[in-house]
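A short worksheet on the structure shown next.
Chains as they are written, first to last, in the working numbering: chain A, 647 to 1238; chain B, 48 to 427.
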């Protein structure tokens, strides 16, 4: 993006023709590498089988049809989509008019992945030189945690939001240390865009990423490596925080209203990322080995290298705290610090953030190794990156978490619901896993179930420690009690049809008075019905956003994303003269 | 700083992991979505006490780590691994085959230097709700560790035989393309509530009684009760759910019970009852006989209605459901209790059943009537 910068760096770093190349890898090449690695996988729609992909497409589908009305009747008898920041969904909705929902999802995911190396590169440059930063950016393309989140978990918003935050933080640093108004404006715009993409990243990720940056700016100001004073850095950080806070308050106003109106009081839902990984090998593989891959081998060196430089210590500490959080229940720290929020959060995203935070130091290590072992190191590092990526891809098909839910033909289910007035009643799917959202996209009927825990308000769901009704059995007695409670109130909710893709539920349905009426797909799916259920009527809810909130929701989040794009073009970065900071850092590292 | 900080971070990490490990007691909750996964090598506590030995076994059963669980019994010669697994997972599509061990509580009964007897309350999750099971285990000291002595379980073996079928069956011809079940365009079967008794119970109220099908055709029955307060306002409406035999053959009687949690009868002025009946196809098969019924105390001192179910038909009944009306001296229904039988009923075989009776009802019970509902795979 800033070619002159590289030239200057190259002139200063190339020592002789006999040494390995010391030029940074051009950022454009790294972005193309990301495109080359992830583009084909996304065009093959590999993430469409991930856990959350259908959920994101479902939300996007609603925006595509009702842009300014976030009240969605298809789940939980009606819920507000203002409970989840809308940016990625609205972008999918916009793209869906041209390429369809699924490809729209893939394109937004691809944009997020291509923004990530740019963000990692720019973020890493706060601490390391261009060459190490470019290695860090290459490393992020092959991260096991990125592969895990993209292809297995389907955490589109987490990836996009993290990529945006990484792009915003260098502006934050520049504003604090150089008083650059241009950086302030762009930093705020990109930060708001990131917040509009994902709330959890906003609340926790921003802190874990921004504090090391602030700390580093203070260290630099204290050591007079930058123009600003310590007091100036603090005051400018406060201005940035206040501006971003106010902006987030405004851009996501309907979200905050919904959260204040209905705080999450539901019974905690168990999640494997909160397990003690030492006591369960499967969760250890899924949430630790696969996301970190061969980075695990480098962890001791990362810590030693990070501790060797005063400037890197903030980054190291940020990484360590995030690393500990990513271990979920393997340590008590997250529970101690988060309190009740511990039971609401899932912790795989912390592992993703930890791997991102470690990349600048990994870039330094890679540069050192290549300097020392030349081609052997380059080949070794490349193999390690490919192995880490490959292991996560292998785990995608071998992990025991997803096998049960693949390949359900949902077309007959939608066809049934959409004919003969069946959509006048509500329905539930049992044993459909994340396919629940795919069914919901294709039908006009409404369900009392849904695949977004934070939006649930029906007591039959919030009073039990289980998530979706369709996955009831996986939550043991709590899950089955929730399902029983819902079945007991079938008449109240107009729940007349149950689609079963798991014979486990048949005894219960039989004993409580439901009867099989139809069979689809060679018996893979059966339809059960109950006599005397009245047609569904709207469920009164105070969670319904006002029309004004709908307008805000439909304009501000997408608006700030356009604003950020425009500002990137209107306020380009000035050509950077190689500054004292990076020279000093490199000198420190050479000593180290 | 280069080495001090890494050492501090390493120590802090190890300490935090250690604290979590000790606090967890090495017993983990059920893994959502999957059945496998074991503790890292070397982190399973040594079975140096009977409690720990049995805990290790039950944790492995919970996780379905059958190899390890089988390795924790002292006498593998009494059962093959397959028989051992089947003893835990059930057979013939019984309720146990749908169940998963969710938790357990141990209580030592008798311990010597080299032998122990433990009583375990096993908590199972099943499709029809949580079930509890109490089992006694013997343990023996083998070298310096304890192991569970496995008791051989006999799987019923039904001899080959021909069973003539003479039961009644009612078929129903529906209009083509009709997605509904039951007949809507034929007069509904004549069904009547023959008794209704509202009671305060535990932290709520219940409405119970009996329904009879007075018609000559089978009926699908559902009973709804609406509680109304003094001002005529509805307090709550609930249905009989699974506390009823929904399909009634001609002249058949079923108990029903409708639970209203968190409702106090003091606030109820009126109870509106509604019984809905639909003509459905039905069959008298499988015929399940109820024998040897009696009220007895169980091993915990609780009163239970126990007896045997005999499957008189030629097909397996996978999950029997027993519902009993309990009467006082005046013939009034004072309670409706129910329970599921975790073993399947093979043709021409009997299996025991047990239903708990609330303590305060026991002195009033003078008679009872038991009906058996059932789930049979592929036939419901």
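Virtual Cβ for every residue (Gly too), placed ideally from N, Cα, C.
Values in this document were obtained by computation on a predicted structure and should not be read as measured data.
Chain-ordered neighbours of residue i on chain B, where CB pairs are closer than 8 angstroms
i: residue 970 of chain A; result: 60 and 63
i: residue 612 of chain A; result: Lying outside 647 to 1238, the shown extent of chain A, residue 612 of chain A is not represented and no answer is given.
i: residue 979 of chain A; result: 63
i: residue 1134 of chain A; result: 285, 286 and 288
i: residue 1151 of chain A; result: 174
Chain-ordered chain A contacts of residue i [CB-CB under 9 angstroms]
i: residue 282 of chain B; result: Per Cβ cutoff of 9 angstroms: no residues; residue 282 of chain B is ~14 angstroms from chain A at best.
i: residue 269 of chain B; result: 1159, 1176, 1177 and 1178
Cutoff 7 angstroms: residue i Cβ touching any chain A Cβ
i: residue 415 of chain B; result: no
i: residue 237 of chain B; result: no
i: residue 320 of chain B; result: no
i: residue 144 of chain B; result: no
i: residue 148 of chain B; result: no
i: residue 400 of chain B; result: no
i: residue 172 of chain B; result: yes
i: residue 216 of chain B; result: no
Contacts of residue i in chain A (Cβ-Cβ under 8 angstroms)
i: residue 420 of chain B; result: 1157
i: residue 71 of chain B; result: 922, 925 and 975
i: residue 86 of chain B; result: 924, 925, 926 and 927
i: residue 323 of chain B; result: 1177 and 1178
CB-CB length for residue i against residue j, believed under 8 angstroms
i: residue 728 of chain A; j: residue 1195 of chain A; result: 7 angstroms
i: residue 169 of chain B; j: residue 179 of chain B; result: 7 angstroms
Beta-carbon gap between residue i and residue j smaller than 7 angstroms
i: residue 94 of chain B; j: residue 100 of chain B; result: yes
i: residue 904 of chain A; j: residue 726 of chain A; result: yes
i: residue 354 of chain B; j: residue 337 of chain B; result: yes
i: residue 1163 of chain A; j: residue 1171 of chain A; result: no
i: residue 391 of chain B; j: residue 214 of chain B; result: no
i: residue 854 of chain A; j: residue 999 of chain A; result: yes
i: residue 836 of chain A; j: residue 856 of chain A; result: no
i: residue 1088 of chain A; j: residue 1060 of chain A; result: yes
i: residue 1067 of chain A; j: residue 913 of chain A; result: no
i: residue 778 of chain A; j: residue 766 of chain A; result: no
i: residue 939 of chain A; j: residue 796 of chain A; result: no
i: residue 383 of chain B; j: residue 304 of chain B; result: yes
i: residue 64 of chain B; j: residue 977 of chain A; result: yes
i: residue 241 of chain B; j: residue 257 of chain B; result: yes
Residue i at chain B interface by Cβ criterion, 7 angstroms
i: residue 1069 of chain A; result: no
i: residue 1203 of chain A; result: no
i: residue 1233 of chain A; result: Caution applies to residue 1233 of chain A, whose pLDDT of 39 falls short of 50 and renders its modelled position unreliable; the value that the coordinates give is listed next. Cβ-Cβ to chain B under 7 angstroms: no for residue 1233 of chain A.
i: residue 746 of chain A; result: no
i: residue 1122 of chain A; result: yes
i: residue 644 of chain A; result: Missing from the structure shown is residue 644 of chain A; chain A here goes from 647 to 1238 and no further.
i: residue 816 of chain A; result: no
i: residue 598 of chain A; result: Since the first and last residues shown for chain A are 647 and 1238, residue 598 of chain A lies out of range.
i: residue 1043 of chain A; result: no
i: residue 1049 of chain A; result: Because the pLDDT at residue 1049 of chain A is just 49, under 50, the model does not fix this residue reliably, and the value given afterwards should be weighed accordingly. Residue 1049 of chain A does not count as touching chain B.
i: residue 1061 of chain A; result: no
i: residue 953 of chain A; result: yes
Per-residue contacts from residue i into chain B (C-beta, under 7 angstroms)
i: residue 1130 of chain A; result: 176
i: residue 987 of chain A; result: Ordered by position in chain B, no residue passes the 7 angstroms Cβ test against residue 987 of chain A, which lies about 18 angstroms from the chain.
Under 7 angstroms by beta carbon: chain A residues contacting residue i
i: residue 56 of chain B; result: 949 and 966
i: residue 67 of chain B; result: 922, 975, 976, 977 and 978
i: residue 368 of chain B; result: 1157
Neighbouring residues, chain D, relative to residue i (Cβ below 7 angstroms)
i: residue 1154 of chain A; result: Of the protein chains in this structure, namely A and B, none is chain D.
Chain-ordered neighbours of residue i on chain B, where CB pairs are closer than 9 angstroms
i: residue 1126 of chain A; result: 172, 173, 174, 175, 176 and 177
Contact residues within the segment 286-300 of chain B, judged by C-beta distance below 9 angstroms to chain A: Cβ proximity to chain A below 9 angstroms picks out 286, 287, 288, 289, 291 and 293 from the segment 286-300 of chain B.
Chain-ordered residues of the segment 826-844 of chain A with a beta carbon less than 7 angstroms from chain B: Those would be none; no residue qualifies.
Near-chain A residues of the segment 376-401 of chain B (beta-carbon distance less than 8 angstroms), N- to C-terminal order: Residues: none.
Against chain A: residues of the segment 86-119 of chain B by CB proximity under 7 angstroms: Residues of the segment 86-119 of chain B whose Cβ lies closer than 7 angstroms to any Cβ of chain A, in chain order: 86, 87 and 90.
Interface positions of the segment 1023-1040 of chain A facing chain B (Cβ-Cβ less than 9 angstroms), listed along the chain: Flagged: no residues at all.
Where the segment 699-724 of chain A meets chain B: residues whose CB sits under 7 angstroms from a CB there: Within the segment 699-724 of chain A, no residue has a Cβ that lies closer than 7 angstroms to any Cβ of chain B.
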